[in-house]
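Student: Have a look at the structure that comes next, please.
Residue numbers (our numbering), protein chains in the order written: chain H, 1 to 481; chain V, 1001 to 1111.
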């Protein structure tokens, strides 16, 4: 019983310009839906009504005065709660930041608002973006709006659910090992991870800095492109952001995909994949062939090492990044007799089970005597995985795979087995490690009416091509194949 | 792979985590399982493989339609100059215990 909104970026722009509706009315409509459905879905943790209506009013004044509107004017957008919003509570899904009010806006958020977007609120997620089911949030799990007894995926589960349930036109998520694409697949909405460095991470609360990326969820590919166009580009506040100029994705998505070579790596269709899901994604690939793409079989021999590599690198980086939560500068403080005692008590009470597990693992793999065996080796295997992609992109223009091995699982199904949970990211961590862009697009449903996601990966900075393929697939009916 | 209780305690101390007895036992078992899984990387021959430490791709292959120019390595580093920064009060407001302009913590120096 999904109920994504009928509003799109384009239809809102047209309606505002024709004065058929005001930005305030649109925001009011979305808050009414949120008030009705969020208590069940738990997609939002904090609503920013005051800020949203002030922004909507600015858009309405601009419309009344005949000023040129920004490309996202009046578009209601939700923001994952690991992305800083000035004066709007930002918890990272953690008790340790339960009352934290960031003193500045993330660049991605500032750019959306500058383009006229209305930020409705902050969405639930796995604590510090660590998880694949949204069950690691300190504020309770998100329910999948398509099947309420199932997880929405994670870690950006609240953002995916908000878009799928019509609680926002679009949403921002973050992807470190699949945290945009996997929930996008589970909730049946397009979800994009840009190239590493394409979208500024200034104001993104860090999990694993060599992997973290910000990207959009939307109900269609054109909206995805519109949000990407606004966010992409260099930011002097993020030294890892690319200096390369960003294209206007919106104007490029309709280009033909005829003649593009689509790589299909056999490792993504082997043991462990759900048979219905495999069948649909292969049908999706056949549809792309019908659109003039040429299918090329690929071997990517290091795929099976990706999860192990990812969980060494990501946890090692997290153990360093999360050292900052010590009760001194922000967030929770649990008093202790000494400074060290205060650190330890604060962290013990402030962090949830999965975060502690990963901090333990990350600390272990970096500790004396183990660094070479784990961390250094993982960095070398990461190079081999990235090389698999470099080789593949000599032969193909894009790679198409399933986004996940199974559809959304039941709430509670994997919570007692961390390793099984990690394997939910088996098809997404590879692109994360290689730094390349990817999108998950809906690709039909199982017999049980659970959404299936198809992943399209491209070379670094090939967002336009990835979006073109997604757009052609959408136009040809691939989403409901 | 066998993780001992002592290993768990050592790592918890390094990570500044004060674990409960139940957590120590839980994490011992789970870390054991996870480390056994990730030890599959030992199967690979990584001789002569350079570790991937730089994750910047501006000089990688150009995009499909718009070709971004390769990064000039120095060009996007901003000038190292002083600029006004007036967020100290806003930052201190988020502190659990501030005595402007300082963060207050338990005494660390005995005298």
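Using N, Cα and C, we set each Cβ at its ideal position, and we do this for glycine too.
What does residue 338 (chain H) reach in chain V if we use C-beta pairs closer than 7 Å?
Tutor: The residue labelled residue 338 (chain H) in the question sits at position 338 within the first chain. Simply 1106.
Student: What residues from chain V crowd round residue 432 (chain H), counting only those whose CB sits closer than 9 Å?
Tutor: For the purposes of this step, residue 432 (chain H) is identified with residue 432 of the first chain, where counting begins at 1. Ordered by position in chain V, no residue passes the 9 Å Cβ test against residue 432 (chain H), which lies about 10 Å from the chain.
Student: Could you give the distance in angstroms between the alpha-carbon of residue 470 (chain H) and the alpha-carbon of residue 418 (chain H)?
Tutor: Position 470 of the first chain holds residue 470 (chain H). Position 418 of the first chain holds residue 418 (chain H). Their Cα atoms are separated by approximately 32 Å.
Student: With distance defined between alpha-carbon atoms, name the residue in H:323, H:300 and H:137 nearest to residue 92 (chain H).
Tutor: As a position in the first chain, residue 92 (chain H) is number 92, starting the count at 1. For the residues H:323, H:300 and H:137, the minimum Cα distance to residue 92 (chain H) belongs to H:137.
Student: From residue 75 (chain H) to residue 116 (chain H), what distance separates their C-alpha atoms?
Tutor: As a first step, residue 75 (chain H) must be located in the first chain, where it is residue number 75. As a first step, residue 116 (chain H) must be located in the first chain, where it is residue number 116. Cα-Cα distance, rounded: 7 Å.
Student: Would you mind working out which of H:104, H:112 and H:59 sits nearest residue 78 (chain H), comparing C-alpha positions?
Tutor: The residue you call residue 78 (chain H) lines up with position 78 of the first chain. Closest option to residue 78 (chain H), Cα to Cα, is H:112.
Student: Just the chain V side, please: which residues come within less than 7 Å of residue 381 (chain H) by C-beta, in chain order?
Tutor: Here residue 381 (chain H) refers to the residue found at position 381 of the first chain. What residue 381 (chain H) touches in chain V: 1041, 1044 and 1046.
Student: Between the region 187 to 204 of chain H and the region 217 to 233 of chain H, do three or more beta carbon pairs fall short of 8 Å?
Tutor: Yes, the region 187 to 204 of chain H is in contact with the region 217 to 233 of chain H.
Student: List the endpoints of the continuous alpha helix (DSSP H) containing residue 1052 (chain V).
Tutor: As a first step, residue 1052 (chain V) must be located in the second chain, where it is residue number 52. From DSSP, residue 1052 (chain V) is part of no alpha helix (DSSP H); its letter is neither H nor E.
Student: When the Cα atoms are used, what is the spatial distance from residue 71 (chain H) to residue 9 (chain H)?
Tutor: What you label residue 71 (chain H) is simply residue 71 of the first chain in a count that begins at 1. What you label residue 9 (chain H) is simply residue 9 of the first chain in a count that begins at 1. Approximately 8 Å, taken between the alpha carbons.
Student: Which residues of the region 285 to 313 of chain H have a Cβ closer than 7 Å to any Cβ of chain V? Give them in chain order.
Tutor: Of all residues in the region 285 to 313 of chain H, 305, 308, 309, 311 and 312 have a Cβ within less than 7 Å of some Cβ in chain V.
Student: Which residues in the same chain have their Cβ closer than 6 Å to the Cβ of residue 440 (chain H), if we skip the five residues on either side of it in sequence?
Tutor: The residue labelled residue 440 (chain H) in the question sits at position 440 within the first chain. 181, 184, 185, 191, 403, 453 and 455, listed in sequence order.
Student: Under a CB-based cut-off of 8 Å, is residue 1103 (chain V) close to chain H?
Tutor: Your numbering for residue 1103 (chain V) matches position 103 in the second chain. Residue 1103 (chain V) counts as touching chain H.
Student: Hey, does residue 327 (chain H) have any beta-carbon neighbour from chain V nearer than 8 Å?
Tutor: Your numbering for residue 327 (chain H) matches position 327 in the first chain. By this cut-off, residue 327 (chain H) is an interface position.
Student: When you check each C-beta in the region 402 to 433 of chain H against every C-beta of chain V, which residues fall closer than 7 Å?
Tutor: Cβ contacts with chain V come from 418 and 419.
Student: Tell me the start and end of each unbroken alpha helix (DSSP H) in the region 386 to 474 of chain H that is at least 4 residues and wholly inside, in chain order.
Tutor: DSSP runs (the alpha helix (DSSP H)) wholly in the region 386 to 474 of chain H: 418 to 422 and 429 to 434.
Student: Any C-beta of chain V within less than 9 Å: which residues of the region 449 to 465 of chain H qualify?
Tutor: Against chain V - using a Cβ distance shorter than 9 Å - the residues of the region 449 to 465 of chain H are 458, 459, 460, 461, 462, 463, 464 and 465.
Student: When DSSP labels each residue in this structure, what does residue 44 (chain H) get in the three-state scheme?
Tutor: As a first step, residue 44 (chain H) must be located in the first chain, where it is residue number 44. Strand at residue 44 (chain H).
Student: Could you check if residue 1082 (chain V) is buried or exposed, using at least 16 other CB atoms within 10 Å of its CB as the buried criterion?
Tutor: Numbered from 1 along the second chain, position 82 holds the residue referred to as residue 1082 (chain V). Classification for residue 1082 (chain V): exposed.
Student: Per DSSP, residue 294 (chain H) forms a beta bridge with which residues?
Tutor: Translated into the one-based positions of the first chain, residue 294 (chain H) becomes position 294. H:261.
Student: Give, in chain order, every unbroken run of the alpha helix (DSSP H) that is at least 4 residues long and sits entirely within the region 39 to 109 of chain H.
Tutor: You should have 49 to 64.
Student: Quick one: grab the DSSP three-state call for residue 321 (chain H).
Tutor: Taking the first chain and counting its residues from 1, the one referred to as residue 321 (chain H) is at position 321. In the structure shown, residue 321 (chain H) sits in a helix (DSSP, three-state: H, G or I).
Student: Taking its Cβ as the centre, do 16 or more other Cβ atoms sit within 10 Å of residue 372 (chain H), making it buried, or is it exposed?
Tutor: On the first chain, position 372 is the one that residue 372 (chain H) refers to. Residue 372 (chain H) is exposed by the Cβ-count criterion.
Student: So residue 172 (chain H) is in the beta strand (DSSP E); what residue range does that whole segment cover?
Tutor: Position 172 of the first chain, counted from the first residue, corresponds to residue 172 (chain H). Where residue 172 (chain H) is concerned, the enclosing beta strand (DSSP E) stretches over 170 to 175.
Student: In the structure shown, what three-state DSSP assignment does residue 214 (chain H) receive?
Tutor: For the purposes of this step, residue 214 (chain H) is identified with residue 214 of the first chain, where counting begins at 1. Strand, per DSSP.
Student: Which residue from H:146, H:151 and H:19 puts its Cα closest to that of residue 414 (chain H)?
Tutor: For the purposes of this step, residue 414 (chain H) is identified with residue 414 of the first chain, where counting begins at 1. Nearest option by C-alpha distance: H:151.
Student: Any beta-carbon of chain V closer than 8 Å to the one on residue 395 (chain H)?
Tutor: Along the first chain, read from residue 1 onward, the residue named residue 395 (chain H) stands at position 395. No, residue 395 (chain H) does not count as interfacial toward chain V.
Student: What did DSSP end up calling residue 193 (chain H) once you bin it into helix, strand or coil?
Tutor: As a first step, residue 193 (chain H) is located in the first chain; it is residue number 193 there, counting from the start. Residue 193 (chain H): strand per DSSP, three-state reduction.
Student: What are the residues of the region 344 to 362 of chain H that lie near chain V, defined by any Cβ-Cβ distance shorter than 7 Å?
Tutor: Cβ contacts with chain V come from 344, 345, 347, 348, 356, 357, 359, 360 and 361.
Student: Can you tell me whether residue 120 (chain H) is helix, strand or coil according to DSSP?
Tutor: For the purposes of this step, residue 120 (chain H) is taken as the residue at position 120 of the first chain. If DSSP states are grouped into helix, strand and coil, residue 120 (chain H) belongs with the strands.
Student: For residue 232 (chain H), does the three-state DSSP call read helix, strand or coil?
Tutor: Walking along the first chain from the start, residue 232 (chain H) turns up at place 232. Strand at residue 232 (chain H).
Student: Using only the alpha-carbon positions, how far apart do residue 69 (chain H) and residue 63 (chain H) sit?
Tutor: If you number the first chain from 1, residue 69 (chain H) lands on position 69. If you number the first chain from 1, residue 63 (chain H) lands on position 63. Those two C-alpha atoms are separated by around 7 Å.
Student: Where do the ends of the alpha helix (DSSP H) carrying residue 163 (chain H) lie?
Tutor: Sequence index remark: in the first chain, residue 163 (chain H) carries index 163 (1-based). Taken as a continuous stretch (DSSP letters only), the alpha helix (DSSP H) holding residue 163 (chain H) covers 157 to 164.
Student: Using a cut-off of 8 Å between C-beta atoms, extract the partners of residue 1097 (chain V) located in chain H.
Tutor: Counted from its first residue, the second chain places residue 1097 (chain V) at position 97. Going along chain H in sequence order, the residues near residue 1097 (chain V) (Cβ under 8 Å) are 333.
Student: Are the beta-carbon atoms of residue 200 (chain H) and residue 108 (chain H) separated by less than 8 Å?
Tutor: Along the first chain, read from residue 1 onward, the residue named residue 200 (chain H) stands at position 200. Along the first chain, read from residue 1 onward, the residue named residue 108 (chain H) stands at position 108. Taking 8 Å as the Cβ cut-off, residue 200 (chain H) and residue 108 (chain H) qualify as a contacting pair.
Student: Do you know offhand how far residue 389 (chain H)'s Cα is from residue 412 (chain H)'s?
Tutor: Position 389 of the first chain, counted from the first residue, corresponds to residue 389 (chain H). Position 412 of the first chain, counted from the first residue, corresponds to residue 412 (chain H). Rounded to whole angstroms, residue 389 (chain H) to residue 412 (chain H) spans 35 Å at the Cα level.
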